[in-house]
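Protein chains: 4
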Amino acid sequence: MQKITILIHCEDQKAIIASVTNYISSIDGNIIYLDQHVDADENVFFMRLECEFSAKNWNIEAIKTDFQAKLAAPFNMSWEMYTQNEKPRMALFVSKYDHCLYDILGRYSAGELPLEIPLIISNHEDLKAVAERFSIPFHYVPFTKDIKTEGEQKQLDLLKEYNIDFIVLARYMQIITPNLIAQYKNQIINIHHSFLPAFPGAKPYHSAFKRGVKIIGATSHYVTEGLDEGPIIEQDIARVSHSHSIEDFIMKGRDLERMVLARAIKLHAERKTMVYDNKTVVFL
Amino acid sequence: MQKITILIHCEDQKAIIASVTNYISSIDGNIIYLDQHVDADENVFFMRLECEFSAKNWNIEAIKTDFQAKLAAPFNMSWEMYTQNEKPRMALFVSKYDHCLYDILGRYSAGELPLEIPLIISNHEDLKAVAERFSIPFHYVPFTKDIKTEGEQKQLDLLKEYNIDFIVLARYMQIITPNLIAQYKNQIINIHHSFLPAFPGAKPYHSAFKRGVKIIGATSHYVTEGLDEGPIIEQDIARVSHSHSIEDFIMKGRDLERMVLARAIKLHAERKTMVYDNKTVVFL
Amino acid sequence: MQKITILIHCEDQKAIIASVTNYISSIDGNIIYLDQHVDADENVFFMRLECEFSAKNWNIEAIKTDFQAKLAAPFNMSWEMYTQNEKPRMALFVSKYDHCLYDILGRYSAGELPLEIPLIISNHEDLKAVAERFSIPFHYVPFTKDIKTEGEQKQLDLLKEYNIDFIVLARYMQIITPNLIAQYKNQIINIHHSFLPAFPGAKPYHSAFKRGVKIIGATSHYVTEGLDEGPIIEQDIARVSHSHSIEDFIMKGRDLERMVLARAIKLHAERKTMVYDNKTVVFL
Amino acid sequence: MQKITILIHCEDQKAIIASVTNYISSIDGNIIYLDQHVDADENVFFMRLECEFSAKNWNIEAIKTDFQAKLAAPFNMSWEMYTQNEKPRMALFVSKYDHCLYDILGRYSAGELPLEIPLIISNHEDLKAVAERFSIPFHYVPFTKDIKTEGEQKQLDLLKEYNIDFIVLARYMQIITPNLIAQYKNQIINIHHSFLPAFPGAKPYHSAFKRGVKIIGATSHYVTEGLDEGPIIEQDIARVSHSHSIEDFIMKGRDLERMVLARAIKLHAERKTMVYDNKTVVFL
């Protein structure tokens, strides 16, 4: 059996679901997952399907051509179609914090993530040894205000060379250039160590401590030009009390960061996220 | 606009979704919610739809007849169809504990529950005053081993008289007779004060305390003949520690019981639950 | 047996715990609960004790005098001492939302709250019937910008007449005057329907929806002059997704508001909260 | 400054706290943490203290002798005293599952765990490469019913050779012999992949799926002779629904197992757990 995943969004119209499911039936596909969402305010329709086909007579390119002509064109759809075997290629950007890096590489090595990690880029050399432990190419790309253009070019070259589909900032402590954001639109995932929109920017644990909150959080989101303002993919929280110091907040936060980032990576790699109007539709 | 909700289950077959959504399109309905589930082990298909129709030319009985002929018969479906205005009628069974009763009546009075509560039945007279506060008929139906048959008959008479659709046991401390269970199959909701299947039966908080668990729970489920073994609708938990006494467990548990039972009642009243093979499909 | 609860805070110094526990021992008291906290940054010591005494020879006023002379004076302590029987008297301020009101009155009637509710004040007449159901005096006190002074005076008169210890704003939709805040310092509890400091002010569910958060929250806090900026007592959260409308946020939020406010009320009434530097110490 | 941690338990008696805190004051120690618990049913007192001493004149052995004579003997205390620098030495037992192993070694490498890991023991050779990545000695110790005695002896020899303080079973799929349990009483931590006492024994995710639970869990506990019956250290849960397959349960469960086991290891290594009557006191 061959499996494909289809993501669709378009203006909401009558008979979209009927038309798509009819089509799948007509080419002898079996729908094993269907979820859909209508944004009533914006009148936008979103859909995610997984279908199975028997392997013989299977021609993904023919299906794509057909789909475009029979469905995408008449309904004016934006759409993507993936076969089971296409694993997205992910670049990790890191600086000095190693906890998210260890977590991601551990999960990757344990076979939990449906993706390839051909490349780690860092603006520091500290984590080279970690990359080597896991036998993943590590590239040191210095990046400061002074050499921003040079740094960005080197990043882009490496991303191209390694044929990267999406980027994960695993506590990467430098800003991403607008040019890189534009080239990887909705393909750069960041982990911010607060419950956004509370405490954007630097030192959120310190701010949370000062405010006396009883719950701290972490947020993974797609990177946009506005700092910590991109579409949110996943959030989670942990309880804290007066008895916890800032160091306790940071330590508890590490677990949140790890978990929330890992979930966002998995959702993205499994093509379960769609972005619209600075928000995400996440089909679980 | 008129809204209907359709619940379907049948053997999984090709083209069910396409056929149903085509049909809705063909009668000018607009699908505003569709969720579906396939139990792969049992090869059973489940579906829940909400559709809107413009009010003129609307004839629910004609749609039902049509649906039976064109879809239910060929696919051998079990199905239910509800219009927006049909609020289910719920009977509350209580004994002496008042916290769930206050919570349900508070929510009901605040307009949060899409149902009617025409009747409260109790095997004790203690909570009569609570029912009166909320102006709901209260019937004292003694029920012990000795007068089981008599008690059951009185219950059945009242349920019939008040035209009751489903029953909620809000910490009702008597067993329900097999006959009543049979007449209200998958229509009797109980709240058990543990995280089932841990600690079924009597005094679960005491057992949880003795075992030294770090988390306690509550479970709402449909009542079957096996004690605390029916299909689970909803569960939730709360953290406890060595510093909590049994009384603390009970007090924390009250919040769980209230919340879990209220959620189950709402899900059931909104026709979001389906039962199969002693499990529930809950379409959120 | 007689039970007392003691709350202490003072500059952190050597031998405070030893001195206090020695003193309790010296008067034949038995410590059944002791928790303490040191704010290392501010060098402040906090302590909460519960002690039991055999009923004969018991003289709370003598103990208070003794405590002041032997401990409070030398250590320069701020302190409070309560006997078991002193239930704080709470006024409820409401407007039109009834869900928190029903929840609090239900819990109160079910005997879960160690306090008295002699008074409900509202700037609308809508909830009078609810107060009557629970047989609690309801006072309609209009309050707008134009009659602020008059409204405040009437509130203060009622609070005095009913001998009120603390105030709970159960979705009371008017601001509290600085004068009233000053007279009830750290004795006015508000429930805000967001995860503070995210979304302060009006319409937080709408803002949360627009931002596309995956978790919503509620926060109970002591009222200070800064809007939604007072010391946080308790927070909790619920998961949301793209499939939830603003109405769903509001409905889920009602459960959070109820729960978080009820917990804060209980903590306050049990003398488990202490305020310092716009933060709370909550001894669980 | 030197820091020590003291754990005490004994029959509950008057003036224990006063005596201990007086003693610490008398030797110029500063209490920076004190928590205590009384098991009222069993009349047992538990206490955990952290104290700081200025480094000069510091003599831990003298303090221990003193403490025994002045406090432990008169109050008949069981007690332990640790200096800050004594990191416990932990052996990891694994079989074929690698997710907990990666997680623990990642945390260890990131400096999050106050312990040493000098030794990994496995009844299979599969995970040798993982141990090598992290440069930790890996010993293959076959263990089956037939060579149980031989296997146990080899385990004991290694534990002695590496001077091991406590053992963590990171999804080790063999039983631990009564002899080893006796030699490491309350020093062997297991992770069980269910919410105990629900679903003890083999294949808990399969049982949970079959029962139709809405929440799954994981439990870390000290190993005793009764299977999955030892004192519980930590538990956590995750929500599941009808849409999740057994494979989904297992994948979600991996995150729970990782997190719950990591927390239990940290609590144990920080000397925050005490065992009594098959339950734990966990001082957070």
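Sequences listed follow chains A, B, C and D, in order. So in full-length UniProt numbering, spot 111 of the first sequence is number 111, and the numbers just go up one at a time. So in full-length UniProt numbering, spot 62 of the second sequence is number 62, and the numbers just go up one at a time. So in full-length UniProt numbering, spot 217 of the third sequence is number 217, and the numbers just go up one at a time. So in full-length UniProt numbering, spot 188 of the fourth sequence is number 188, and the numbers just go up one at a time. Every residue, glycine too, gets a C-beta built ideally from N, C-alpha and C.
{"query": "Simplified DSSP state of PHE45 (chain D), which is helix, strand or coil", "result": "strand"}
{"query": "Proximity of ALA40 (chain D) and ALA18 (chain C) at Cβ, strictly below 8 Å", "result": "no"}
{"query": "Which listed residue (B:LYS145, B:ILE188, B:LEU159 and B:ALA182) has its alpha carbon closest to that of ILE167 (chain B)", "result": "B:ILE188"}
{"query": "Contact set between the region 178-211 of chain C and chain A, restricted to residues whose Cβ is under 8 Å from the partner", "result": "PHE195, LEU196, PRO197, ALA198, PHE199 and ARG211"}
{"query": "Limits of the unbroken beta strand (DSSP E) element including PRO142 (chain A)", "result": "Segment: none, PRO142 (chain A) is in no beta strand (DSSP E) and carries neither H nor E."}
{"query": "Opening and closing residue of the beta strand (DSSP E) in which PRO118 (chain C) lies", "result": "116-122"}
{"query": "Contact the region 234-248 of chain C vs the region 243-256 of chain D: 3+ CB pairs below 8 Å", "result": "no"}
{"query": "Straight-line gap, TYR102 (chain B) to THR21 (chain D) (C-alpha atoms, nearest Å)", "result": "47 Å"}
{"query": "GLN2 (chain D) - containing beta strand (DSSP E), residue span", "result": "2-11"}
{"query": "Expected contact under 8 Å - CB spacing of LEU113 (chain D) and PHE134 (chain D) to nearest Å", "result": "Not a contact, Cβ separation roughly 13 Å."}
{"query": "CB of LYS266 (chain C) within 8 Å of CB of PHE283 (chain C), strictly", "result": "no"}
{"query": "Near-chain A residues of the region 86-113 of chain D - C-beta to any C-beta below 9 Å", "result": "TYR97, ASP98, HIS99, LEU101, TYR102, ASP103, LEU105, GLY106, ARG107, SER109, ALA110, GLY111 and GLU112"}
{"query": "Residues of the region 119-136 of chain A with Cβ closer than 8 Å to any Cβ of chain G, in chain order", "result": "Of the chains in the structure shown, none is chain G; the protein chains are A, B, C and D."}
{"query": "Cα-Cα separation between TYR140 (chain A) and MET173 (chain A), rounded to whole angstroms", "result": "14 Å"}
{"query": "Paired residues, beta bridge with LEU169 (chain B) - DSSP", "result": "B:PHE93 and B:ASN190"}
{"query": "Sequence-distant residues of the same chain with beta carbon closer than 6 Å to LEU119 (chain D), five excluded per side", "result": "ALA91, PRO137 and TYR162"}
{"query": "Touch test, the region 7-15 of chain B against the region 42-57 of chain B, Cβ-Cβ under 8 Å, three pairs minimum", "result": "yes"}
{"query": "Chain-ordered chain C contacts of MET259 (chain B) [CB-CB under 8 Å]", "result": "ASP255 and MET259"}
{"query": "Cβ pair HIS124 (chain D), ARG254 (chain D) closer than 8 Å", "result": "no"}
{"query": "The region 231-245 of chain C touching the region 199-216 of chain A, judged by at least three CB pairs closer than 8 Å", "result": "yes"}
{"query": "Proximity of SER194 (chain C) and LEU261 (chain C) at Cβ, strictly below 8 Å", "result": "no"}
{"query": "Min CB distance VAL240 (chain D) to chain C below 8 Å", "result": "no"}
{"query": "7 Å Cβ cut-off: residues of chain A touching GLN36 (chain B)", "result": "LEU34"}
{"query": "Environment of GLU150 (chain C) [buried if 16+ CB atoms lie within 10 Å]", "result": "exposed"}
{"query": "Contact belief for ILE191 (chain B) with GLU225 (chain B) at Cβ below 8 Å, rounded distance in angstroms", "result": "ILE191 (chain B) to GLU225 (chain B), Cβ: 18 Å. No contact."}
{"query": "Whole beta strand (DSSP E) elements within the region 180-239 of chain B, 3-residue minimum", "result": "188-192, 215-222 and 232-239"}
{"query": "Secondary structure of ASN278 (chain A), DSSP reduced to three states", "result": "coil"}
{"query": "Under 8 Å by beta carbon: chain C residues contacting ASN30 (chain D)", "result": "LYS14"}
{"query": "Three-way DSSP call (helix, strand, coil) for HIS268 (chain B) in this model", "result": "helix"}
{"query": "Beta-carbon spacing of MET1 (chain B), PHE53 (chain B) below 8 Å", "result": "yes"}
{"query": "Bridge partners - SER78 (chain A), DSSP secondary structure assignment", "result": "A:HIS9"}
{"query": "Identified DSSP bridge partners for VAL38 (chain C)", "result": "C:PHE45"}
{"query": "Enclosing alpha helix (DSSP H) for ALA18 (chain D) [first to last residue]", "result": "16-26"}
{"query": "Of the listed residues A:MET259, A:GLU152 and A:LEU156, nearest to ALA218 (chain A) (C-alpha basis)", "result": "A:MET259"}
{"query": "Beta-carbon proximity list for THR83 (chain D), same chain, < 6 Å, skipping 5 on both sides", "result": "ILE4 and ILE60"}
{"query": "Alpha-carbon spacing of ASN278 (chain B) relative to VAL44 (chain B), whole angstroms", "result": "14 Å"}
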